[in-house]
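Following my numbering, the numbering of the sequence shown begins with 765 at its first residue and continues without gaps.
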Amino acid sequence: MPLTIKRATKYGFCSGVRIADLKVKRFTAKGGRGAILGQVVHNERVVEEMEKLGVRTVHALEEVSEPVIVFSAHGVPPSTHEAARDMGLEILDTTCKFVYDIHRESRKALAEGAHLVFIGDPSHREVIGYTHDLDPSAYHILHSAEQAEAVDWRAYRAIRVFYQTTLNADQYNGVVNVIEAANPRTSRADTVCYATKENQEAARALARDPEVQMVLVIGGKHSANTRHLHEICSQFKPSYLIQGDSDIDVAWLQGVSVVGITAGASTPDYVVDEVERFLKAL
Ligand code: SF4
């Protein structure tokens, strides 16, 4: 019997990634030459595509020999803008609007005297963008309740909590509850972006669908939002995180007749189509 494929009702490229992708493609179409600081989005296929267009990925400004530096959708610290300008580089900024909202809101909260808490991964470029230029005593980056319990939150006049845009916020309620219990002058900013929420809700509905027997989550191996989709789907059905059709192990499909597929916010539609074609051809 052929496999039935069910796609999540919402998956894949978000508006921020679409705009970043478009900005770089327009730039190269006009003959622009540049380098991207870090992956433009966390997807290896998109990075390869950019390299073919002549925009290579670099990991530090010092590596740039082109006239233009591209800042990715995840954003960079304000000091990186200054450093690029000081080096005489032109900036093509593809930072997502929702990331800039957090930069602005967190600076405002700080100016009003609040201590900042960022829930997220301290090594993620987005979180580095928010915190790199701040005095270390002005903020905490947390991702577990144990970390929250190790801090005396009563010492702060006010606390403002921000979430990395691509998190599954429900998973971190316990962390924020610890802070709120210790200091009632704590407030949360709802900064998980709309695209992350929609993709997560649709992935949850797909994995809970009684007909769906397993789920393939398609996305880059460094993509935080793809990992969170995988965590959500794994709560309900056997789920596998793949970058493309070549990662599929046909043994996973033994006895399976209905496969659900979803994809992270940085996964191009053509990669999802390739996976579906591969499954249908089996
Ligand atoms: S996932 Fe959200 S915050 Fe990140 S680039 Fe997309 S729209 Fe922007």
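For each residue, glycine too, the CB sits at the ideal point set by N, CA and C.
The alpha helix (DSSP H) spanning residue i covers which residue range?
| i | result |
| --- | --- |
| V810 | 808 to 816 |
| D785 | 779 to 793 |
| T844 | 842 to 850 |
| R820 | That residue, R820, is in no alpha helix (DSSP H); its beta strand (DSSP E) goes 819 to 822. |
| E913 | 909 to 913 |
Could you tell me the distance, in whole angstroms, from the CA atom of residue i to the CA atom of residue j?
| i | j | result |
| --- | --- | --- |
| V1036 | V788 | 22 Å |
| L1043 | S951 | 46 Å |
| E813 | R918 | 50 Å |
| K770 | I1025 | 6 Å |
| Q964 | V915 | 31 Å |
| G839 | A953 | 19 Å |
| V940 | P766 | 47 Å |
| H992 | K816 | 30 Å |
| V850 | P842 | In the sequence as presented, Val is not what sits at residue 850; that position holds Asp. Roughly 13 Å between the two C-alpha positions. |
| H806 | T990 | 9 Å |
| A1015 | L1046 | 12 Å |
| R1041 | I982 | 14 Å |
| H867 | Y903 | 13 Å |
Provide the residue(s) that pair with residue i in DSSP beta bridges, ordered along the chain.
| i | result |
| --- | --- |
| D865 | Looking at the DSSP assignment, D865 forms no beta bridge with any residue, so it has no partner. |
| T950 | I923 |
| V1036 | Paired residues: none, contrary to the question. |
| Y958 | DSSP lists no partner for Y958. |
| S1010 | In the DSSP output, where bridge partners are listed per residue, S1010 has none listed. |
| Y903 | L880 |
| T1026 | V981 |
| E854 | V832 |
By Cβ distance below 6 Å, which residues in the same chain neighbour residue i in space, the five residues on each side in sequence not counted?
| i | result |
| --- | --- |
| R921 | G877 |
| E944 | T950 |
| A772 | A966, A967, L970, T1026 |
| L931 | V956 |
| V979 | A971, C997, K1001, S1003, G1024 |
| R820 | A799 |
Once you ignore the five residues that flank residue i on each side, which residues in its own chain have a CB closer than 7 Å to its CB?
| i | result |
| --- | --- |
| A848 | L825, I833, I855 |
| E1038 | G1008, D1009 |
| D1013 | none |
How is the beta strand (DSSP E) around residue i delimited, first residue to last?
| i | result |
| --- | --- |
| L980 | 978 to 982 |
| H888 | Taken as a continuous stretch (DSSP letters only), H888 belongs to no beta strand (DSSP E), as it is neither H nor E. |
| R991 | Per DSSP, R991 belongs to no beta strand (DSSP E); it is in the alpha helix (DSSP H), 988 to 998. |
| V805 | Unbroken run through V805: none, as it is neither H nor E. |
| D916 | Neither: D916 is in no beta strand (DSSP E) and is coded neither H nor E. |
| K770 | 768 to 771 |
Please confirm if residue i has its CB atom under 8 Å from at least one CB of chain B.
| i | result |
| --- | --- |
| H838 | The structure shown has no chain B; it contains just one protein chain. |
Shell residues, 6 Å Cβ cut-off relative to heavy atoms of the ligand SF4: A distance filter of 6 Å between CB atoms and the heavy atoms of the ligand SF4 selects the following residues in sequence order: C778, S779, G780, V781, A837, C860, F862, V863, T929, T930, C957, A959, T960, N989, A1029.
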